[in-house]
Amino acid sequence: MYGNFSIKKNPVILGIESSCDETAAAVIRGRTLLSSVILSSAAEQAKYGGVVPEIASRAHTDAIDEAVKSALKDAGVAFKDIDAVAVTYGAGLLGALLVGLSFAKALAYTLNVPLIAVNHIRGHLAAAYLCDENLKPPYVTLLASGGHTAILHTKTYTEFEILGRTSDDAAGEAFDKVARVLGLPYPGGPNVQRLAESGKADIPFPRALVKNVSKMQFSYSGLKTAVINYCHNAEQKGEKINLADVAASFQCAAIDPLVSKTVESAKKLGVKVVTAGGGVAANEHLRSALTNECEKAGLKLILPQKVYCTDNAAMIAAEGLIQYEAGIFASMDTNACAQIPLK
Ligand code: KG4
Ligand code: ZN
299 MYGNFSIKKN PVILGIESSC DETAAAVIRG RTLLSSVILS SAAEQAKYGG VVPEIASRAH
359 TDAIDEAVKS ALKDAGVAFK DIDAVAVTYG AGLLGALLVG LSFAKALAYT LNVPLIAVNH
419 IRGHLAAAYL CDENLKPPYV TLLASGGHTA ILHTKTYTEF EILGRTSDDA AGEAFDKVAR
479 VLGLPYPGGP NVQRLAESGK ADIPFPRALV KNVSKMQFSY SGLKTAVINY CHNAEQKGEK
539 INLADVAASF QCAAIDPLVS KTVESAKKLG VKVVTAGGGV AANEHLRSAL TNECEKAGLK
599 LILPQKVYCT DNAAMIAAEG LIQYEAGIFA SMDTNACAQI PLK
């Protein structure tokens with residue numbers, strides 16, 4: 299019979315992630331990362347200018363076995379050593395999620411170990427635990443991915459409050475849309491960053507911020523429209539625009555408010571530790587601005603390496619550990635969820 303689990307200290311947890319175009323597996327022992335494997339279908343998706351769900355599902359089906367076996371091999375761990383299997387059950391592409399979830403269910407059932415269902419966004423938050431084994435709540439997080447942009451106050455290992463969020467597009471989504479306007483290929487964010495490196499941030503685009511509201515609120519639709527209008531106006535007048543300047547100016551307008559509001563939130567709350575997560579936290583401009591501003595404010599910044607900001611399974615294993623320690627296990631009836639509210 300499946301069930302009857304005992305809670306171990308420093309458990310070996312296998313994490314599995316397949317919500318979008320990365321098939322990833324990772325192994326942790328306690329907060330120590332033993333291995334992390336990421337097999338991506340991004341190159342295939344780039345031909346279509348974005349993620350095609352059916353291609354993602356097929357790529358996961360082809361890659362999941364190899365990803366898990368490589369992660370176990372790199373970690374020097376056998377199937378029998380696994381104490382729990384943590385897997386992303388949402389949000390994401392349904393067919394893609396089902397590949398990882400079905401694999402995880404079968405493995406957890408066969409090994410008779412807990413199945414832990416992880417919300418992908420909570421995984422992004424938990425990536426910071428692998429960076430600093432002493433990190434504990436309370437802390438403030440800047441979360442910026444393709445689907446979410448928010449500042450969160452993590453109060454306990456399992457509870458957080460949303461201090462501010464975007465009222466329309468997410469920061470990553472804005473990077474991807476502006477990339478398309480600038481004629482850059484998928485994935486947009488890293489390509490905008492690359493182009494911005496040779497540009498001057500001197501075009502006065504509006505900051506991605508809603509002013510005069512009691513809660514901190516971000517907005518990317520006005521900024522995105524301003525970039526589109528700037529390019530169209532120049533085109534109509536037959537003027538040549540410097541794409542690198544547009545990229546650099548957009549990047550500052552998109553990121554600087556996130557950084558300043560995160561630091562302001564921590565200061566207001568008297569919280570001394572700041573973390574960051576999500577694909578946009580891999581952005582070099584964000585990383586250096588957040589590092590400088592936290593230093594000036596006397597805040598300790600825990601910034602996961604870039605590879606643990608974008609999608610990976612180490613963060614899923616890390617959130618798996620939080621839930622394992624809290625005894626939050628999933629049933630075999632758990633289904634994939636395309637959308638899960640941030641809270
Ligand atoms: O967290 P993530 O890998 O997947 C989601 O959970 O959404 O975030 C992906 C998003 C994409 O919109 C991508 O363009 C953006 O993160 N991104 C970046 C960078 N790397 C990834 N945006 C700006 N600069 C980057 N270097
Ligand atoms: Zn993600």
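Count the sequence shown with the numbering used here and you get residues 299 to 641, in order.
Every residue, glycine too, gets a C-beta built ideally from N, C-alpha and C.
Computed from a predicted structure; not experimentally measured.
In this structure, does DSSP put G470 in helix, strand or coil? helix
Quick one: is Q621 buried, meaning 16 or more other Cβ sit within 10 Å of its Cβ, or exposed?
-> buried
Check: For the ligand KG4, any of its heavy atoms closer than 6 Å to the Cβ of F473?
Finding: yes
When DSSP labels each residue in this structure, what does M613 get in the three-state scheme?
helix
Under a Cβ-count criterion, where at least 16 other Cβ atoms within 10 Å of its own Cβ denotes burial, should D363 be classed as buried or exposed?
The residue is exposed, with fewer than 16 neighbouring Cβ atoms inside 10 Å.
Notebook entry, point to check: Between C529 and N540, what straight-line distance do the alpha-carbon atoms span, to the nearest angstrom?
Noted result: If you take the alpha carbons of C529 and N540, they lie about 10 Å apart.
DSSP beta-bridge partners of A323: Paired residues: I314, V335.
Checklist entry - So, are the CB atoms of L405 and V383 less than 7 Å apart? => result yes
Could you check whether S519 and D466 sit closer than 7 Å to each other, using their CB atoms as the reference points? yes
Among A552, D381, Q343, S333, whose alpha-carbon lies nearest the alpha-carbon of V310? D381
| Where does I414 fall in DSSP's three states? | strand
Excluding the 5 residues preceding and the 5 following A424 in the sequence, name in chain order all residues of the same chain whose CB lies nearer than 7 Å to its CB. M613, A616, E617, I620
(Q) Using 8 Å as the cut-off, can you tell me whether the region 494-504 makes contact with the region 593-611, which would need three or more C-beta pairs spanning the two stretches below that distance? (A) No: fewer than three Cβ pairs fall under 8 Å.
Review point. Are A472 and K522 close, meaning C-beta to C-beta below 7 Å?
Key: Inclusion of A472 and K522 in the CB contact set at 7 Å is warranted, their separation being smaller than that value.
Check your understanding: Which stretch, first to last residue, makes up the alpha helix (DSSP H) that contains R356?
Key -> 351-373
| request: Give the straight-line distance between the Cα atoms of R478 and Y407, rounded to the nearest whole angstrom. | output: 44 Å
Contact between the region 442-461 and the region 327-347: three or more CB pairs below 8 Å?
Contact check between the region 442-461 and the region 327-347: fewer than three CB pairs, one atom from each, fall below 8 Å, which does not count as touching.
If you count every other CB in all the chains shown that lies within 10 Å of the CB of V605, and 16 or more means buried, which is it?
exposed
**OP:** Examine the ligand ZN and report whether any of its heavy atoms sits within less than 6 Å of the Cβ of S465.
**Re:** no
task = Report yes or no: do three or more beta-carbon pairs, one from the region 427-435 and one from the region 320-335, lie closer than 8 Å?
result = yes
Practice prompt. Just mark D631 as buried or exposed, buried being the case when its beta carbon has 16 or more other beta carbons within 10 Å.
Written response: Per the 10 Å Cβ criterion, exposed.
Go ahead and label T454 buried or exposed: buried means 16 or more other beta carbons lie within 10 angstroms of its beta carbon, across all protein chains shown.
exposed
ask   = How about T452 and T464: are their beta carbons less than 7 Å apart?
value = no
| said: Which residue marks the beginning of the alpha helix (DSSP H) containing R585, and which one marks its end? | reply: From DSSP, the alpha helix (DSSP H) with R585 extends over 582-595.
Review point. So the alpha helix (DSSP H) R492 belongs to, where does it begin and stop?
Key: 486-494
query: What are the start and end residues of the alpha helix (DSSP H) that includes L556?
result: 541-567
Quiz item: For the alpha helix (DSSP H) that contains G462, what are its first and last residues?
Solution: Note, G462: premise wrong, no alpha helix (DSSP H); beta strand (DSSP E) at 457-464.
Next on the checklist: I'd like the list of long-range same chain contacts for Y484, defined as Cβ closer than 7 Å, with 5 residues on each side in sequence excluded.
Outcome noted: Q343, A344, G347, G348
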